[in-house]
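Numbering (this note's numbering), first residue to last: 72 to 364.
Some notes on the structure that comes next.
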């Protein structure tokens with residue numbers, strides 16, 4: 072416990088409620104539970120996406136989009152394998168959570184999923200399986216709800232499901248803010264969060280403005296009546312203008328390539344069947360013709 076007197080109140084804002092912003096919230100709660108520094112802590116969590124998951128890991132996305140990490144290696148909790156100054160507060164990995172969910176061992180709650188397709192994926196998940204991003208989003212939403220429900224009594228958490236649009240120095244820091252340079256975060260709905268002693272920017276993958284090359288490709292597509300998709304998260308792209316059998320050029324062979332390939336094949340009803348030791352793809356007839364490079 073600290074030896075000096077507690078400062079009356081501090082107010083902080085986390086811009087971004089995905090895994091990074093959520094981890095900051097979890098650490099604030101853990102620290103204030105073990106060695107409180109304040110009489111009262113107000114935490115604003117700002118994100119239009121679902122808290123815990125954020126936009127990238129939102130549960131409402133295609134089940135054909137997978138993580139690139141196996142289930143047993145994914146967690147938002149700490150254990151004795153982590154070298155940190157703060158307290159350790161253990162919790163289930165994604166795999167352990169899914170096993171408990173599949174057995175019905177998790178206590179029902181507002182963030183405990185119960186849809187049949189989610190339970191089926193949880194039951195089938197192995198420690199070395201690659202989960203869907205949607206399942207990870209449900210795990211994050213559940214863990215966020217657990218952290219909020221278990222927060223110390225003097226820690227007040229407010230979730231704002233809206234974008235932050237501006238950050239500025241606060242003209243009147245007030246007498247209760249530790250240090251100088253208190254800040255204000257302005258939200259898209261006009262709300263002003265003022266007197267903030269700290270602002271954490273944890274936006275993760277943010278949209279980018281097209282560069283000249285992307286702009287020229289867009290103009291070329293317009294001139295020739297083509298459909299062009301600028302660099303973006305494939306989960307956010309409407310692919311319905313691409314007709315069955317249409318030639319599609321996928322430029323690049325990185326992670327987004329595999330997302331688009333999955334969305335345009337399995338996402339259109341194609342399926343893989345096992346034939347001996349091989350997998351055979353059975354097309355639905357609704358797929359385009361993909362050219363990758």
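Glycine included, C-beta positions come from ideal geometry on N, C-alpha and C.
- Across the structure, residue 183 and residue 272 are spaced so that their CA atoms are roughly 28 Å apart.
- For residue 161, same chain residues with a beta-carbon under 6 Å away, outside a window of 5 residues either side, are 148, 150 in chain order.
- Residue 328 carries a helical assignment under DSSP once its states are collapsed to helix, strand and coil.
- The segment 251–267 and the segment 227–238 touch, with three or more beta-carbon pairs separated by less than 8 Å.
- Secondary-structure assignment with DSSP links residue 254 through a beta bridge to 240, 267.
- Taking the C-beta atoms as reference points, residue 321 is found nearer than 7 Å to residue 328.
- The beta carbon of residue 338 sits closer than 7 Å to the beta carbons of 133, 135 from its chain, once the five residues preceding and following it are set aside; these are given in chain order.
- Here residue 195 is exposed, its C-beta having fewer than 16 other C-beta atoms within 10 Å.
- Sorting 285, 284, 239, 115 by C-alpha distance to the C-alpha of residue 229 places 115 at the top.
- In the assembly as shown, residue 254 is a buried residue. Its beta-carbon has 16 or more other beta-carbons within 10 Å.
- By the neighbour-count criterion, in which a residue is buried when 16 or more other Cβ atoms sit within 10 angstroms of its Cβ, residue 237 is exposed.
- Residue 167 has its alpha-carbon roughly 31 Å from the corresponding atom of residue 341.
- If you look at residue 104, you'll find it in the alpha helix (DSSP H) that goes 90–105.
- The alpha-carbon of residue 297 is positioned some 45 Å away from that of residue 216.
- Remark: three or more beta-carbon pairs, one from each stretch, lie closer than 8 Å, so the segment 271–287 and the segment 91–105 are flagged as touching.
- In chain order, 103, 107, 109, 110, 111, 112 place their CB closer than 8 Å to the CB of residue 225, counting only its own chain and leaving out the 5 sequence neighbours on each side.
- Your pair residue 218 and residue 206 does not check out as a contact, with CB atoms roughly 19 Å apart and the cut at 8 Å.
- Under a 10 Å Cβ-count criterion, residue 122 is classified as buried, with 16 or more other Cβ atoms of the shown protein chains found around its own Cβ.
- Taking the Cα of residue 128 as reference, the smallest distance to any Cα among 143, 152, 212 is reached at 212.
- According to DSSP, residue pairing for residue 84 in a beta bridge involves 115, 270.
- In this structure, residue 299 keeps its C-beta atom at 7 Å or more from the C-beta atom of residue 306.
- Judged by beta-carbon spacing, residue 82 lies beyond the 7 Å limit of residue 252, meaning their Cβ atoms are not closer than that value.
- Scanning the segment 142–190 from its first residue to its last, the whole alpha helix (DSSP H) runs of 4-plus residues come out as 165–174.
- Residue 120 and residue 88 have their C-alpha atoms roughly 7 Å apart.
- Sorting 301, 269, 294, 270 by C-alpha distance to the C-alpha of residue 284 places 301 at the top.
- In this structure, residue 198 lies near residue 143, with their beta-carbon atoms less than 7 Å apart.
- Within 10 angstroms of the beta-carbon of residue 118 lie 16 or more other beta-carbons, which makes it buried.
- Only residues of its own chain outside the window of five on either side were considered, and among them none has a CB closer than 6 Å to the CB of residue 221.
- In the three-state reduction of the DSSP assignment, residue 307 falls in the helix class, which pools H, G and I.
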